[in-house]
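A quick write-up on the structure given underneath.
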Amino acid sequence: MRPEIAVLDIQGQYRVYTEFYRAQAAQKTIILVNGSMATTASFAQTVKSLYPQFNVVLYDQPYAGRSKAHNRHEKMLTKDIEGQILLELIEHFAAEHVLSFSWGGVATLVALSQRPRRVEKAVISSFSPVINAPMRDYLERGVDYLGNLDRHSVGHLVNSTIGKHLPPLFKRFNYRHVSTLAEHEYGQMHYHISQVLNSDRQCYLKAARQIDIPVLFLNGEWDEYTSAEDARLFGQHVANSSFGTIQATGHFLDMEHKAACNDSRQALMGFLQPQQSVNRLRYHQGQAPQAFAI
Numbered sequence: 001m002r003p004e005i006a007v008l009d010i011q012g013q014y015r016v017y018t019e020f021y022r023a024q025a026a027q028k029t030i031i032l033v034n035g036s037m038a039t040t041a042s043f044a045q046t047v048k049s050l051y052p053q054f055n056v057v058l059y060d061q062p063y064a065g066r067s068k069a070h071n072r073h074e075k076m077l078t079k080d081i082e083g084q085i086l087l088e089l090i091e092h093f094a095a096e097h098v099l100s101f102s103w104g105g106v107a108t109l110v111a112l113s114q115r116p117r118r119v120e121k122a123v124i125s126s127f128s129p130v131i132n133a134p135m136r137d138y139l140e141r142g143v144d145y146l147g148n149l150d151r152h153s154v155g156h157l158v159n160s161t162i163g164k165h166l167p168p169l170f171k172r173f174n175y176r177h178v179s180t181l182a183e184h185e186y187g188q189m190h191y192h193i194s195q196v197l198n199s200d201r202q203c204y205l206k207a208a209r210q211i212d213i214p215v216l217f218l219n220g221e222w223d224e225y226t227s228a229e230d231a232r233l234f235g236q237h238v239a240n241s242s243f244g245t246i247q248a249t250g251h252f253l254d255m256e257h258k259a260a261c262n263d264s265r266q267a268l269m270g271f272l273q274p275q276q277s278v279n280r281l282r283y284h285q286g287q288a289p290q291a292f293a294i
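Using our numbering, read the sequence shown as starting at 1 and increasing by one per residue.
See below:
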């Protein structure tokens, strides 16, 4: 399972590293949008869950991963720019589906608000419209550590909060990754978090109201930072929304243990390919929006 690798020019301003996992029998293409401080490597497990039922596209933001060597990092990227980059990639790869993780949800909502003609469905995982008390504490400590380039504290903060349910090996990988990021990456994360803390979230809630395709919001039962309960508030903004909870897992969902991986895959397939999936979902019917738990 080797990807086709390319570095794409986006509007003559940014160069974006991409991986395209082409499946001969697949009829649809899905593009994955990673979260803050994450790279294509973060989606290794998710790719296995989606391939070969789908062609799968991964990419690194211009400031991160394998894209950063191809860019100058002269200014901070806004979420609007990240949304525009996603729109360009959707068009380039002719993607019918989008799946985002964590803060990748902001760029995804911004992009989907433009109603790209190709996109049929989207999944937004580990994201909510609420900055609750645990998330605010995490962000406030994070912006302080990032501003001071306190690499040790940044690494431990991630593992003791949103990454608390990860297995030890993944925590070691996490710590090594986030504590060795380039200075401009810390600056970019500091910029994003400061914007979240110092402004309201009406920008992406307004964007959410423009979305006209089915969107599944998927959260972990144990995730206190982007809780399943808070995520359901998106039902007030996204007209065609449904909600899923992966039992006995936290923020990182399929990375945390095998059962969570299997249940995450089943939730994705049940939403993206309902006619081809074995339905083990427990649906809780009531007023729209829909909700289910695994």
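Heads up, the beta-carbon is just placed ideally off N, CA and C, and yes, glycines get one too. In this text, all values refer to a predicted model and were calculated from it rather than measured experimentally.
Check: Cβ pair count under 8 Å reaching 3, the stretch 29-38 against the stretch 50-68; Outcome: yes
Check: Pairwise C-alpha distance: G187 and R280; Outcome: Low confidence applies to R280: its pLDDT is 43, below 50, so where it sits in the model is not reliable, and the reading given next is rough at best. Near 44 Å, if we compare the C-alpha coordinates of G187 and R280.
Check: Rounded C-alpha distance that separates R136 from A25; Outcome: 44 Å
Check: Cβ-Cβ separation, S67 to P16 (assumed contact under 8 Å), whole Å; Outcome: In the sequence as presented, Pro is not what sits at residue 16; that position holds Val. The pair is a contact, with the Cβ atoms about 5 Å apart (cut-off 8 Å).
Check: Check whether R118 and E82 have beta carbons under 7 Å apart; Outcome: no
Check: H257 (DSSP reduced to helix, strand or coil); Outcome: coil
Check: Cβ contact check for the stretch 156-165 and the stretch 239-252: 3 or more pairs under 8 Å; Outcome: yes
Check: According to DSSP, residues forming a beta bridge with Y17; Outcome: V7
Check: Pairwise C-alpha distance: E229 and A64; Outcome: 31 Å
Check: Contact the stretch 178-198 vs the stretch 231-247: 3+ CB pairs below 8 Å; Outcome: no
Check: Cβ distance (whole Å) where A208 is taken to contact F127 below 8 Å; Outcome: 11 Å between Cβ atoms; not a contact.
Check: 6 Å CB neighbourhood of F20 in its chain, flanking five on each side removed; Outcome: P3, E4, V57
Check: Three CB pairs or more closer than 8 Å across the stretch 8-15 and the stretch 206-220; Outcome: no
Check: Residues near M37 by beta carbon distance below 8 Å, same chain, minus five either side; Outcome: A64, V158, H177, V178, L181, E185, M189
Check: Cα-Cα separation between T226 and S125, rounded to whole angstroms; Outcome: 9 Å
Check: Same chain, Cβ closer than 6 Å to S42, neighbours up to 5 away in sequence not counted; Outcome: N34
Check: Residue closest to V47, alpha-carbon to alpha-carbon, out of L139, E91, G147, S100; Outcome: S100
Check: Bridge partners - N219, DSSP secondary structure assignment; Outcome: T245
Check: Buried versus exposed call for L149 [16 or more other C-beta atoms within 10 Å across all chains shown]; Outcome: exposed
Check: Residues bridged to K121 (per DSSP); Outcome: H97
Check: Residue range of the alpha helix (DSSP H) that includes L50; Outcome: 44-50
Check: Residues bridged to I30 (per DSSP); Outcome: V56, H97
Check: Three-way DSSP call (helix, strand, coil) for S36 in this model; Outcome: coil
Check: Of the listed residues I211, M255, I246, K258, nearest to G235 (C-alpha basis); Outcome: I211
Check: Ordered list of beta strand (DSSP E) runs contained in the stretch 165-192, each at least 3 residues; Outcome: none
Check: Distance CB(A259)-CB(I246) smaller than 7 Å; Outcome: no
Check: Rounded Cβ spacing between L77 and P116 (contact assumed at less than 8 Å); Outcome: That pair is no contact at about 20 Å.
Check: Helix, strand or coil at D230 [DSSP, three-state]; Outcome: helix
Check: Inter-residue CB distance, L268 and H237 (contact presumed, cutoff 8 Å); Outcome: Not a contact, Cβ separation roughly 22 Å.
Check: Check whether V123 and L233 have beta carbons under 7 Å apart; Outcome: no
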